[in-house]
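In the working numbering, the protein residues as written are 83 to 441. All C-beta atoms in this analysis are idealised placements derived from N, C-alpha and C, irrespective of residue type, glycine included.
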């Protein structure tokens, strides 16, 4: 099977020849640590490790005021800037990480009315047609499964209103949240319709929604079901109408929301953070092939760089999924950090070759 055939089968919840392979990385891993350990300069991990999936863009400028960027304060180590969503965020200059939330201008329904207006029109300048077109062509030439990706409403609420504003509003001002979600749902549908027409369609979609943290969901399953998931379901249906399966990236402990993900129509769950209590084998035993699965290889275990510990993490999970005939894509439980050595990661992939065949 080609990589494209393999991932297509997995996302149909079928069992292909072997498990799939894909990965995300923290920038420091590829840019700072691994080159000194023998990682070839200028080579993408997709090529170096022969991944089955190729990210081909599809992100677009979804902020209400694209291009707006104002530096508020700055030192040698960090920068505070206000972006096109009205959010003031503090970023490290020399390393990656979640930014500190300083403040959010769009913090009331009245202010939201100003921010929503630019989102009501289709704006081709938000989209990179040429980049998406070239990336799709390259993926097809290599026989890879091409994906577009983007954030959606839960992450956009966090980025525009801030957690301290949008999480209480889910309960006390749900009409505001529903209007936000409806505006962005229509915004996404109209812009992806245009992107698909002008650049072509990928094979599937990644939607990034961090519904959980280490100890559970950011809101109750009931609140998710009533306020957020109707829009997730409509977006998934839109992509399905285009023939595109949808992978949901949902960080944290999302176990209580998995039935909602299935009901919304998501085809695959990723990354199933082991650090937050998720276990792909237990999820597979509970939900079977109602989903495909991607991830859950605990980077805490891999970061020991002890092959015995790595094997104890990787091999039993692969063997259990293989024996249950569960459609699975090998991936870390978030992204590969720089304290995992290159030779450790290569060893984990050797374990996949040993235990990842369905034949």
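Remark: C-beta atoms of residue 437 and residue 400 approach each other more closely than 8 Å. The stretch 282-302 and the stretch 225-237 touch, with three or more beta-carbon pairs separated by less than 8 Å. Here residue 353 really is in contact with residue 377; their C-beta atoms are around 3 Å apart, less than 8 Å. Using a Cβ distance threshold of 8 Å, residue 440 and residue 134 do not count as a contacting pair. Contact between residue 413 and residue 104 holds, since their C-beta atoms are separated by about 5 Å, short of 8 Å. Between the stretch 343-352 and the stretch 322-331, the count of Cβ pairs shorter than 8 Å is three or higher; the stretches touch. In the three-state scheme derived from DSSP, where H, G and I count as helix and E and B as strand, residue 223 is classed as helix. Rounded to whole angstroms, the Cβ separation of residue 260 and residue 248 is 12 Å, and the two are not in contact under 8 Å.
In the three-state scheme derived from DSSP, where H, G and I count as helix and E and B as strand, residue 299 is classed as strand. Membership of residue 344 in the alpha helix (DSSP H) is indicated by the continuous run 340-346.
Under the DSSP assignment, residue 263 falls outside any beta strand (DSSP E), being part of the alpha helix (DSSP H) whose first and last residues are 256-281. The stretch 365-438 contains, as complete beta strand (DSSP E) runs of 3+ residues, the segments 374-376, 410-412 (chain order). Of 231, 263, 122, 221, the smallest CA-CA separation from residue 106 is found for 231. Residues 204 of the same chain have their beta carbon placed closer than 7 Å to that of residue 272, with the five preceding and five following residues left out of the count. For residue 351, the secondary structure class from DSSP, reduced to helix, strand or coil, is strand. Comparing alpha carbon positions, the residue from 324, 303, 209 closest to residue 280 is 209. The C-alpha of residue 270 is placed about 17 Å away from the C-alpha of residue 166. Listed in chain order, the beta strand (DSSP E) elements of length 3 or more contained wholly in the stretch 159-211 are 160-164, 169-174, 182-186. Boundaries of the alpha helix (DSSP H) harbouring residue 318: 311-323, taken from the DSSP string. Rounded to the nearest whole angstrom, the CA to CA distance from residue 111 to residue 421 is 8 Å. Residue 323 counts as exposed, since fewer than 16 other C-beta atoms from the protein chains shown sit within 10 angstroms of its C-beta.
Between residue 395 and residue 380, the C-beta gap is smaller than 8 Å, which places the two residues in contact.
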